[in-house]
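**Q** In the numbering used here, the protein residues as written are 12 to 727.
(1) Which of the three DSSP states, helix, strand or coil, is assigned to residue 593?
(2) When the distance is taken between beta carbons, is residue 289 closer than 8 Å to residue 319?
(3) Heavy atom of the ligand SAM less than 7 Å from the Cβ of residue 690, yes or no?
(4) So residue 393 packs on residue 439, CB below 8 Å; how close in whole Å?
(5) For residue 241 and residue 195, I'd like the C-alpha separation in whole angstroms.
(6) My output table needs one value for residue 456: the three-state DSSP class, helix, strand or coil.
(7) Report the rounded CA-to-CA distance for residue 140 versus residue 220, giving the unit in angstroms.
(8) I'd like to know whether the C-beta atoms of residue 653 and residue 622 end up nearer to each other than 8 Å.
(9) Looking only at DSSP bridge pairs, what is residue 330 linked to?
(10) Can you list, in chain order, the residues of its chain whose CB lies under 6 Å from that of residue 677, leaving out five sequence neighbours each side?
(11) Please report how far the alpha carbon of residue 698 lies from the alpha carbon of residue 625, in whole angstroms.
(12) With a threshold of 16 other CB atoms inside 10 Å of the CB of residue 189, please say whether the residue is buried or exposed.
(13) Considering only C-alpha positions, which residue in the set 412, 449, 459 is nearest to residue 437?
(14) Looking only at C-alpha atoms, which of 453, 455, 422, 456 sits nearest to residue 441?
(15) Quick one: what does DSSP say residue 313 is sitting in, helix, strand or coil?
(16) I need the straight-line Cα distance from residue 244 to residue 484, nearest angstrom please.
(17) Buried or exposed: which applies to residue 166, given that a residue is buried once 16 or more other Cβ atoms fall within 10 Å of its Cβ?
(18) From residue 51 to residue 482, what does the alpha carbon distance come to, in whole angstroms?
(19) So residue 410 and residue 389 are supposed to be a Cβ contact under 8 Å. How far apart are they, rounded?
(20) Can you give me the C-alpha to C-alpha distance between residue 355 and residue 340, rounded to a whole angstrom?
(21) Looking only at DSSP bridge pairs, what is residue 95 linked to?
(22) Thinking C-beta only, is residue 556 closer than 8 Å to residue 581?
(23) Quick one: give me the first and last residue of the beta strand (DSSP E) that residue 598 is part of.
(24) Would you report the Cα separation of residue 377 and residue 407, rounded to the nearest angstrom?
(25) Using DSSP with H/G/I as helix, E/B as strand and the rest coil, what is residue 183?
(26) Between which two residues does the beta strand (DSSP E) carrying residue 338 extend?
(27) Is the beta carbon of residue 287 sitting closer than 8 Å to the one on residue 304?
(28) Quick check on DSSP: helix, strand or coil for residue 485?
(29) Starting from residue 630, trace the beta strand (DSSP E) both ways and give me its first and last residue.
(30) Hey, would you say residue 113 sits closer than 8 Å to residue 123, going by beta carbons?
(31) Can the beta-carbon of residue 106 be found less than 8 Å from the beta-carbon of residue 203?
(32) If you draw a straight line from the C-alpha of residue 366 to the C-alpha of residue 445, how long is it?
(33) What residue range does the alpha helix (DSSP H) around residue 366 cover?
(34) Closest by CA to residue 465, which one among 391, 587, 208, 224?
(35) Which residue comes first and which comes last in the beta strand (DSSP E) that contains residue 648?
(36) Using beta-carbon positions only, say whether residue 185 and residue 282 come within less than 8 Å of one another.
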């Protein structure tokens, strides 16, 4: 009958996987929540660059100057400000094209499309990017690059037409460092040109720009572009135009028109008799009827104000039919009321004379505004946001600058992104300051009616929310550390118990059996009645066993210190053990197949201990005359086989002793297969097959190379 057993066990390192993975999941969830809160972003501009459903959304655009309005089909600027720009909030594209139908309200300005833009600020050329625009006065399409200054790249004449203020289809393409611009009139006539910019800007967002004119863009389309899209564009050289000013046309026909329009503009801007300076009224308290003033609009409803070279004045009522824009130059006629050095005009009749650039604001601090010197003037002030509320009609902010708190109100436009208004943010307000109770609610010394709000800096990282997240992360790390420490302690306890179990097996196999024999001999001597010689014989046997036990104890202690690392050493040591135990009565043969390499310490120790126990059992119990020890090495495993020609034993006797159980446990600890094959009268064969770790051969080669290098260096 043949009997075989195969055993496997898990590595002790597997015990760490569950708590380690749990800790990683906890930390990942906490970190993801923290970064999602800290760096949350608005969605992309368009899911499809050519989609139009996002045009009317406030979060789609950001404005820099101008008065922008958007619907689902068109974008419009109602201001003649020179530096008016509207840019998409999202998008950093490289090769794409933008096209739209364009219509302007004034022949003295320019409007068009911006492409590959970044770093925008308020101002005429305050951005990095490219602009393609229509110039009706010169009847040309211009293309150039803005880097907080203007470099003209193309200046292409348009087909002659009686009306350059009608709808014109403008298209601009960017592919690598190649650019193309075209303009197409409703009757199908088209002008196009292409140019290379060797040091081009590689990417950026798109937008719209107008200067000294209002404009409307419709049928807006943004798509990807390739070099094929530039086919048909005529190559041209650089233009000599080097700024964005209105140069005097060289064409005599255009020159007469240009000079006539300039004279009309100069005549229109003359101040007629009867217009009074605004600063004359604060020093004369009371009511002044039939007063005419002129100035630039610096604030719109609900708090309208105009400013001339001497001062500013509030306009208490503005006809809703009149659409005012910042920078509009207006004439107001009505009754001026002056009280406590504050002037306002009642029953005002307004007339817009022309549109101009907005008045640059004065930058002041909150403490300066409490004195009243700058109230009623166009100002800029910074503050830290305390709270923000937003509704359909606008927003209301409470801010603090130093120890001074104040209020701000305003209407939503493309210059404001409500999602960026987080408590703790530093913001810059542009508008007009007032102490009127309807704006301050008698709670603050002044309020700012804003025309624009910009985010200077986000909240600091040490805000209460972030501190809470950091605390949670710290707690997560602490909990994970405790879990890992707990697992390490349990693993250490299991290791100690396992070592004690191995020592128990060693003691059973050696000292315990020897002590049992010694006790048996001494007991026999104590009850011996057959004479002194018999007693002396028992005592001599006990002394012999003591000497053997001493040697066995020394051998066991030496075996507890693993010193066999290669296959040859294991075979040599096992052969010595067999010859010492048999005193030459058993023929011992060894066989090694495969290349002898250094093996992992855990495997060599297990193989030696199992071989030692198998040899001891074979010599002491089987009555064998031959003992074969073989070791086979391959890339993936090592196999030890010990076979004898003894009497063997039955299946029932397999599990009765601690020796076989100890061998099974040692094999399981190294994930090895333990096989015992025996049959009564036919000998016994024990086979242990242990897997080698991945990369073991490579590690051995590297180790050997380092050893050879060290030895050669030492000998040199």
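Note that the Cβ used here is the ideal one computed from N, Cα and C, for glycine as well.
**A** Short version:
(1) Reduced to three states, the DSSP call for residue 593 is helix.
(2) yes
(3) You won't find the ligand SAM in this model; it holds no ligand whatsoever.
(4) 5 Å
(5) 15 Å
(6) coil
(7) Going by the C-alpha atoms only, they are around 12 Å apart.
(8) yes
(9) Beta-bridge pairing links residue 330 to no other residue.
(10) 617, 620, 621
(11) 10 Å
(12) buried
(13) Closest in alpha carbon position to residue 437, among 412, 449, 459, is 412.
(14) 422
(15) coil
(16) 59 Å
(17) buried
(18) Any reading at residue 51 must be qualified, since the residue scores a pLDDT of 40, below 50, and its modelled position is unreliable; the value itself is stated next. Taking the straight line from one Cα to the other gives about 20 Å.
(19) Not quite, the Cβ-Cβ distance comes to about 18 Å (not below 8 Å), so this is no contact.
(20) Residue 355 and residue 340 have their C-alpha atoms roughly 18 Å apart.
(21) 221
(22) Cβ distance not < 8 Å, so residue 581 and residue 556 don't count as in contact.
(23) Residues 598–604.
(24) Take the alpha-carbon of residue 377 and the one of residue 407: they are about 17 Å apart.
(25) strand
(26) Run containing residue 338: none; DSSP gives neither H nor E here.
(27) yes
(28) helix
(29) Looking at the DSSP string, residue 630 is not in any beta strand (DSSP E), and its letter there is neither H nor E.
(30) Contact flag set, yes.
(31) Residue 203 is positioned such that its CB atom lies no closer than 8 Å to that of residue 106.
(32) 25 Å
(33) It is not in any alpha helix (DSSP H) - residue 366 instead sits in the beta strand (DSSP E) that spans 353–366.
(34) 391
(35) 648–655
(36) no
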